[in-house]
Structures are given as C-alpha cells and as structure tokens.
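First up is the structure itself, then whatever we jot down about it.
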Amino acid sequence: MTSGGSEAGRGKQLVNWLLEGLLIVVSVLLAFGVDEYRDARANRELKHQVLSGIKAEIDHNFAALEPYISIHSEWRRALDTADTSRASESGLDVWFRTRPDLGKSPTPFPTLRRSAWDAAVSSGAVRLIDFNVASALADVYTAQDQVTANVQRLANGPLADAATYDPAKRPAVVRLLWLTIADIQSAEISLVKLYQQHLPTVAEAAAR
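Add 89 to a position in the sequence shown, counting from 1, and you land on the number used in our numbering.
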C-alpha cells in the first residue's frame, strides 16, 4: 500500500510538472505572439505615416514644378530671339531682360522638397515599403536630384563666370544661358512624367 501510494504520488507530481511546463511554454508563445502583433501593427502604422508623408511631399513638388515648364519654355524662346546688339548690355542683362513673368512662382527655378524621403531612408523605415513602390520613389528622387543639380550648375557655372558680366562676351554668354535653361527644362519635363507615372502607385500604397 505504501509503495502503491508513493508511486501514485510521484505520478501526480509528474503530471503537475508537465502541466506547469506546458503552461510556461504556452505563456511564452502567447507573449511572443502579442509582441509580434504589436510590432506588425506598429510597422503598419509607421509605413502608412512614411508613405503619406512622401506622397504629400511629391504632391507639393509636382504642384510647385509644373508651372516652370511653360515659364522656361517662354524664357528659352525669348533668349533665342533676343536682340544681343546692345553694346552696353552683358549676357546677364539679356538674361534678366528676357525673363518671363513668374506668376505665383516666388523664384525663377523650383525648390523641391525631399525631407520625407531622406527621413525614411536614414531611419531605415524605407524597408517597410514594398519593393516596387520603393523603386519608383528612388527613380523620382533621383530625377529630382538631377533638376536640382542642373540649377546648381547654372549658379556655379555661367552665373559665377566673369564673362557673363562682360558686354564683349554677350552673344556667347546668351547662348550658354539658353543651353543651361534647356538642360534644366529637359530634366523638369522628365521629372513631371515620373510624377504622373508613379503618384498613383504611391497614393494606392499610402491608402492601404
């Protein structure tokens, strides 16, 4: 009887240990599951914030850039037919004289934002974005960089060259300024096409 009772007690204790072990395993798995759910939810929310911010940035840049296409077309035509025979004028004088009305645009060239994209890349949040969307955004911002680089080339090139202010160099300078604006406008047209192509994709991803 004593031996049988002892074995029954050990069996009961073993069952209790097994149940306690099972409860511990289940508790750990539930904790992992809860953490995974929280992480997934936080990542979804962050992804939405990132894409919404980038979409708003691209919307702003698209609206800001589009008017410059016609402004720079008009400026190129005016430079192409400008009277460069005035001996007292420098190439820069002709450049400003032929500049068209900017309308509501505050400057002769666009200022394009990229802080939302830079924040997504630097923080690593871009990893949450679907590959095809991230690839499209990379194309867009690379094209934006080209527009900015062309404007900077104007500032660091012709506008920083003493010949631009020399009336004797006027015809050559006017031609160089025409070519520079043509490069800027070409990059702007390419960027607008990318905006039109990729904005629906970005908007759809941001709405998920």
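Note that the Cβ used here is the ideal one computed from N, Cα and C, for glycine as well.
How is the alpha helix (DSSP H) around residue 213 delimited, first residue to last?
Run containing residue 213: none; DSSP gives neither H nor E here.
Coarse secondary structure for residue 201, derived from DSSP in three states
In the structure shown, residue 201 sits in coil (DSSP, three-state: anything other than H, G, I, E or B).
Could you tell me whether the stretch 141-161 touches the stretch 281-292, where touching means 3 or more Cβ pairs closer than 8 Å?
yes
Could you have a look at residue 269 and say whether DSSP puts it in helix, strand or coil?
helix
With distances taken from CA atoms, which of 238, 144, 262 is nearest residue 205?
144
Residue 265 versus residue 213: straight-line alpha-carbon distance, rounded
42 Å
What whole-angstrom Cβ distance do residue 183 and residue 263 have, given they're in contact under 8 Å?
Indeed, because the Cβ distance is near 5 Å, the residues count as touching under 8 Å.
Could you spell out where the alpha helix (DSSP H) holding residue 234 opens and where it closes?
220-245
Reduced DSSP secondary structure (H/G/I, E/B, other) of residue 174:
In the structure shown, residue 174 sits in coil (DSSP, three-state: anything other than H, G, I, E or B).
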